[in-house]
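Colleague: Its first residue numbered 1251, the sequence shown is counted upward by one per residue in this note's numbering.
Where a beta carbon is used, it is the ideal one built from N, C-alpha and C, also for glycine.
Source: prediction; values computed, not measured.
Quick one: this structure, given as structure tokens, is what I'll be asking you about.
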Amino acid sequence: MSSLIYIHGFNSSPESTKAKILTESLAALGMNITRFLVPDLNHDPELAMSSLADLIETAQAQGEQVYLIGSSLGGFYATYLAEQYGLKAVLINPAIKPYELLKDYLGLNKNIYTGQEYQVTEAHMDQLKRFDIDVVDRPENYLLLVQTNDEVLDYTQATNKFWQSPSVIEYGGNHSFEAFQSKLALIGQFFKTSYREAI
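This is how it looks when you write it as structure tokens:
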């Protein structure tokens, strides 16, 4: 039995394009996923992380293997959780230092999918700093997917941090990661085997 958790990014939701692709094309992973979860995360990092930890612990208590896919801020969360629980994680254009990036969003924000308004505060930046993992213990547990024309993040921050991890670096693209669906089989192989065996 296994659970796959997709962790969406900042100002996103379970209605995001990648979440929908995974929902509609889960079989393309080539895995026996018994539960696919796309939680609607709170904008407050501590609350978001607590809800994700609860999902992982519940699944593990039921004897399930847990896999993570995180995009942007979700990749940052996935890194922390993978370290805490010894999980494999796929990171898609992950935010490396969101507490610096999101300073531009301090104040009132509106979710582009739900229309919900919320405040981003300095306290949230402090929370993110507490979840920062400076050096990962097991780089082989991560598959990094980045595109160089990411208009939101500097992709080299991710490649520098995860230089020992299996990586796919595509020239061009964007922050949403163009042609994400074409990577599903590779993601499934990464979860099932070592990366060197997968490609």
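If S1415 and L1394 are in contact, beta carbons under 8 Å, what's the gap, nearest whole angstrom?
Modeller: Looking up residue 1415 in the sequence shown gives position 165. Looking up residue 1394 in the sequence shown gives position 144. Correct: roughly 5 Å between the Cβ atoms.
Colleague: Taking the beta carbon of N1343 as the centre, do at least 16 other beta carbons fall within 10 Å, making it buried, or is it exposed?
Modeller: As a working note, residue 1343 is residue 93 in the sequence shown. Result: buried.
Colleague: Taking its Cβ as the centre, do 16 or more other Cβ atoms sit within 10 Å of N1399, making it buried, or is it exposed?
Modeller: Within the sequence shown, the letter at position 149 stands for residue 1399. Looking at its Cβ environment, which holds fewer than 16 other Cβ atoms inside 10 Å, N1399 is exposed.
Colleague: Classify I1437 as buried or exposed, calling it buried when 16 or more other Cβ atoms lie within 10 Å of its own Cβ.
Modeller: Sequence index remark: in the sequence shown, residue 1437 carries index 187 (1-based). The residue is buried, with at least 16 neighbouring Cβ atoms inside 10 Å.
Colleague: Under 8 Å from any heavy atom of the ligand ADP, does the C-beta of A1277 make it?
Modeller: Inclusion of the ligand ADP in the displayed structure is not the case, the ligand content being empty and no account of it being possible.
Colleague: Please state the DSSP three-state secondary structure of I1255.
Modeller: The sequence position of residue 1255 within the sequence shown is 5, counting from 1. If DSSP states are grouped into helix, strand and coil, I1255 belongs with the strands.
Colleague: For G1365, which of helix, strand or coil comes out of DSSP?
Modeller: Here residue 1365 is taken as the residue at index 115 of the sequence shown, counted from 1. Coil, per DSSP.
Colleague: If you draw a straight line from the C-alpha of G1422 to the C-alpha of K1379, how long is it?
Modeller: Walking along the sequence shown from the start, residue 1422 turns up at place 172. Walking along the sequence shown from the start, residue 1379 turns up at place 129. Their backbone Cα atoms lie some 30 Å apart in a straight line.
Colleague: Does the distance from the CB of A1339 to the CB of L1403 come in under 9 Å?
Modeller: Taking the first residue of the sequence shown as 1, we reach residue 1339 at position 89. Taking the first residue of the sequence shown as 1, we reach residue 1403 at position 153. Not a contact, by the Cβ cut-off of 9 Å.
Colleague: Output needed for A1429: all residues of its chain with C-beta closer than 7 Å, excluding positions within five of it in sequence on either side, in chain order.
Modeller: As a position in the sequence shown, residue 1429 is number 179, starting the count at 1. No residues qualify anywhere along the chain.
Colleague: Taking the continuous alpha helix (DSSP H) assigned at N1410, which residues delimit it?
Modeller: Sequence index remark: in the sequence shown, residue 1410 carries index 160 (1-based). That run of the alpha helix (DSSP H) goes Y1405 to K1411.
Colleague: Take G1313 and list the residues in its own chain whose beta-carbon comes closer than 7 Å to its own, dropping the five residues that flank it on each side.
Modeller: In the sequence shown, residue 1313 corresponds to position 63, counting from 1. Taken in chain order, the residues that qualify are M1251.
Colleague: For Q1431, does the three-state DSSP call read helix, strand or coil?
Modeller: To locate residue 1431, count along the sequence shown from 1; it is residue 181. In the structure shown, Q1431 sits in a helix (DSSP, three-state: H, G or I).
Colleague: Using beta-carbon positions only, say whether L1272 and F1286 come within less than 9 Å of one another.
Modeller: In the sequence shown, the residue the question calls residue 1272 occupies position 22. In the sequence shown, the residue the question calls residue 1286 occupies position 36. Yes, these two residues count as a Cβ contact at 9 Å.
Colleague: Please report the distance separating the alpha-carbon of T1284 from that of H1425.
Modeller: For the purposes of this step, residue 1284 is taken as the residue at position 34 of the sequence shown. For the purposes of this step, residue 1425 is taken as the residue at position 175 of the sequence shown. Whole-angstrom Cα-Cα distance: 29 Å.
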